[in-house]
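Report on one structure; see the data block that follows.
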Amino acid sequence: MASKAERLRRKKRASLDELCAVPSVARREKQARQNGRFTKVEEDPRAAFLNARCRRFGIDQTDENRSRMAGVHLCCDLGFVLEAACKPADIAPLWDVFSRWCRAEAVYRARYVGQREQPASAALTMVPEPMETDPSLTVDVRSQDERDQDAVTGWMRWQGFLGHLPAQHRVVLHSARRQDGPVLWSGAATEAGMLALNALRGLAEAEGNWTAPRK
-6 MASKAERLRR
4 KKRASLDELC
14 AVPSVARREK
24 QARQNGRFTK
34 VEEDPRAAFL
44 NARCRRFGID
54 QTDENRSRMA
64 GVHLCCDLGF
74 VLEAACKPAD
84 IAPLWDVFSR
94 WCRAEAVYRA
104 RYVGQREQPA
114 SAALTMVPEP
124 METDPSLTVD
134 VRSQDERDQD
144 AVTGWMRWQG
154 FLGHLPAQHR
164 VVLHSARRQD
174 GPVLWSGAAT
184 EAGMLALNAL
194 RGLAEAEGNW
204 TAPRK
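In my numbering, the protein residues as written are -6 to 208.
Right under this line is the structure:
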């Protein structure tokens, strides 16, 4: 039987062993190498953009939700309003009307007026896409005068459609186009956001690209 002194020495030795023990460390994953050098694994830039949109829309960052947030209309606040308040079948035609009107305004101001309107912000603007060649692209053979005339014609066409709307709707649509007006989305569609959506529906009906569902 061990003496009292021996038991005391064993106790001290055990305490010292615990104190000097090396803690276990989780094994690191093997880091990728290229030409003998460590390489940093880059995060997919699309995932970063789409995760930001998921957070802003208030949904989980899952593969399904990231796919949902990849829609081109989600590049601006009005697009978030469309995503939240419209049926899926209505989003594409309404966004098509808005984007074509915006292009007509931009072309007119750049070619005929000689100025460009810059948005106040470009948050969550474009999801990076792989470089691809569009086989449908063709060379524009119009003369400068023809391009200027077409810009005016396209702009006047949209002015006719806008003329069917109340003044308040025209104001909120121009603000949405320039992204310099009242906030349209703040975790949910704001009052101004719903007004802009109703204005866009009116513009789409006037242009003939969308019909309001019967109640």
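We treat Cβ as the ideally placed atom computed from N, Cα and C, and that holds for glycine.
The structure presented is a predicted model; accordingly, all values stated were derived computationally and were not measured.
Taking a C-beta distance under 9 angstroms as the contact criterion, C79 and Q172 do not qualify as a contact pair.
Within the segment 39 to 85, the complete alpha helix (DSSP H) segments of 4 residues or longer fall at 56 to 61 and 70 to 78, listed in chain order. DSSP places D141 in the uninterrupted alpha helix (DSSP H) bounded by Q137 to L155.
Rounded to the nearest angstrom, the gap between the Cα atoms of E57 and G64 is 12 angstroms. Taking all protein chains shown into account, E184 has fewer than 16 neighbouring C-beta atoms within 10 Å of its C-beta and is therefore exposed. Apart from sequence neighbours up to five positions away, the residues of its chain that approach G72 with a beta-carbon distance below 6 angstroms are H66, ordered along the chain. Distance between V176 and A160, taken at the CA atoms: about 19 angstroms. Of I84, M62, E98 and R96, the smallest CA-CA separation from F50 is found for M62. Straight-line spacing of the CA atoms in L166 and A144 works out to 20 angstroms. The C-beta separation of A192 from L158 comes to about 6 angstroms, placing the pair in contact by the 8 angstroms criterion.
Nearest to I52 by C-alpha distance, out of A189, A181 and T204, is A181.
A residue is called buried when at least 16 other Cβ atoms come within 10 angstroms of its Cβ; E98 meets this threshold and is buried. DSSP, read as helix, strand or coil, puts A205 in coil. Between the C-alpha atoms of R135 and G195 there is a straight-line separation of about 33 angstroms.
Between R59 and A82 the beta-carbon gap is near 22 angstroms, outside 8 angstroms, which marks them as no contact. Proximity to W148 across S179, C47, W88 and R93 peaks at R93, based on C-alpha coordinates. Around the beta carbon of R96, a 10 Å sphere encloses fewer than 16 other beta carbons of the protein chains shown; the residue is thus reported as exposed. Only residues of its own chain outside the window of five on either side were considered, and among them P86 and V90 have a CB closer than 6 angstroms to the CB of N202, listed in chain order.
DSSP, read as helix, strand or coil, puts A199 in helix.
Spatial neighbours of R104 in its own chain (CB-CB distance under 7 angstroms, excluding positions within 5 residues in sequence) are listed in chain order as R140, D141 and A144.
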